[in-house]
């Protein structure tokens, strides 16, 4: 990438999922030339964003400073709880959110999502399905809503998208947005990236 790092919008990588289908913490699995999937995502995204943070239930990463960790202190495993913690702790109004288990999303695609986000509260990627945790979120419109959802013990990100002005940025390549939820998906992503490493 020749684009200088974006200073006005931070990126947060969500690393706090249960990984129940994988059978082990997928954020700590080795990936490509990196020690962990998290480190791979972090290094890649630092090419685009000046400020990259990790959202996690616990401090389990040894390659970042404490200032780059956003602890999700909610008792439940919930993306809404993670988003609320991020909105509470990040100073910027706009933040780019991505999950640790989508390592094949290209920086060019992220740039496109950001470029189409200005007139909306949320802008997320969409292929044949909505990738509701890959996009730009504006906290001034969402902080009170995520707080209300937590108070009501309601954790559906799809509901959050329905309550505000949301833009869906269409993409055609399904593999680019593959989620590494199971071992087979993890192996497939490793195979894809080994064949076309320069594209990711």
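Residue numbers (the working numbering): 13 to 212.
All residues carry an ideal CB built from backbone N, CA and C; glycine is no exception.
Note that the coordinates shown come from a computational prediction; the quantities given were computed from them, not determined experimentally.
Query raised in the report: Got a sec? Which residues, its chain only, sit under 8 Å from residue 17 by beta carbon, not counting five neighbours each side?
Result: The residue given as residue 17 occupies position 5 in the chain shown. Close CB contacts of residue 17 within its chain, under the 8 Å cut and outside five residues either way in sequence, are with 58, 59, 60, 61 and 62 (chain order).
Report task. Go ahead and pull the three-state DSSP assignment for residue 181. Result -> Locating residue 181 in the chain shown gives position 169, where the first residue counts as 1. The answer is strand: DSSP assigns residue 181 an E or B state.
Requested in this report: Decide yes or no for the touch test of the segment 34-50 against the segment 113-125: beta carbon pairs closer than 8 Å, at least 3 of them.
Outcome: With a cut-off of 8 Å on Cβ pairs, the segment 34-50 is in contact with the segment 113-125, counting three or more such pairs.
Query raised in the report: Is the beta carbon of residue 134 sitting closer than 8 Å to the one on residue 117?
Result: Here residue 134 refers to the residue found at position 122 when the chain shown is read from its first residue. Here residue 117 refers to the residue found at position 105 when the chain shown is read from its first residue. Going by C-beta atoms, residue 134 is not nearer than 8 Å to residue 117.
**Report entry** Residue environment, residue 38, which counts as buried when at least 16 other CB atoms sit within 10 Å
**Finding:** In the chain shown, the residue the question calls residue 38 occupies position 26. So residue 38 counts as buried.
Query - residue 79 vs residue 68 beta-carbon contact at 8 Å - result: Position 67 of the chain shown, counted from the first residue, corresponds to residue 79. Position 56 of the chain shown, counted from the first residue, corresponds to residue 68. No; because the gap between Cβ atoms is not below 8 Å, this pair is not in contact.
Query raised in the report: Can you tell me whether residue 42 is buried or exposed, with buried defined as 16 or more other CB within 10 angstroms of its CB?
Result: For this step, residue 42 is matched to residue 30 along the chain shown. Under this definition residue 42 is an exposed residue.
Query raised in the report: So the beta strand (DSSP E) residue 149 belongs to, where does it begin and stop?
Result: Position 137 of the chain shown holds residue 149. Residues 142-150.
Query raised in the report: If residue 94 and residue 157 are in contact, beta carbons under 8 Å, what's the gap, nearest whole angstrom?
Result: Position 82 of the chain shown, counted from the start, is the residue given in the question as residue 94. Position 145 of the chain shown, counted from the start, is the residue given in the question as residue 157. Wrong, their Cβ atoms sit about 14 Å apart, outside the cutoff.
Query - Beta-carbon contacts of residue 154 that lie in its chain and below 8 Å, excluding the five residues immediately before and after - result: For the purposes of this step, residue 154 is taken as the residue at position 142 of the chain shown. Result list for residue 154: 95, 99, 133, 134, 172 and 176, in chain order.
Query raised in the report: Considering only the beta carbon of each residue, do residue 102 and residue 162 sit closer than 8 Å?
Result: Within the chain shown, residue 102 is the residue found at index 90, counting from 1. Within the chain shown, residue 162 is the residue found at index 150, counting from 1. Taking C-beta atoms as the reference points, residue 102 and residue 162 fail to come closer than 8 Å.
Query raised in the report: Ordered along the chain, which non-local residues of its own chain (more than five positions away) have a Cβ less than 8 Å from that of residue 186?
Result: Looking up residue 186 in the chain shown gives position 174. If we look at residue 186 and ignore the five residues flanking it on each side, its Cβ neighbours are 139 and 140.
Report task. Give a yes or no on whether the C-beta atoms belonging to residue 105 and residue 150 are separated by under 8 Å. Result -> Position 93 of the chain shown, counted from the first residue, corresponds to residue 105. Position 138 of the chain shown, counted from the first residue, corresponds to residue 150. Against a cut-off of 8 Å, the Cβ pair of residue 150 and residue 105 comes out as a contact.
Query raised in the report: If you draw a straight line from the alpha carbon of residue 184 to that of residue 199, how long is it in whole angstroms?
Result: One-based indexing of the chain shown puts residue 184 at position 172. One-based indexing of the chain shown puts residue 199 at position 187. Answer to the nearest angstrom: the Cα atoms are 22 Å apart.
Query - Environment of residue 164 [buried if 16+ CB atoms lie within 10 Å] - result: Translated into the one-based positions of the chain shown, residue 164 becomes position 152. By the 10 Å Cβ count, residue 164 comes out exposed.
Requested in this report: Could you check which residue in 23, 48, 124 and 87 has the C-alpha nearest to that of residue 179?
Outcome: Along the chain shown, one-based indexing puts residue 179 at 167. Of the candidates 23, 48, 124 and 87, the one whose C-alpha sits nearest the C-alpha of residue 179 is 124.
**Report entry** beta strand (DSSP E) segments (min. 3 residues) lying fully within the segment 62-110
**Finding:** Given a length threshold of 3 residues, each whole run of the beta strand (DSSP E) inside the segment 62-110 is given here in chain order: 64-68 and 81-83.
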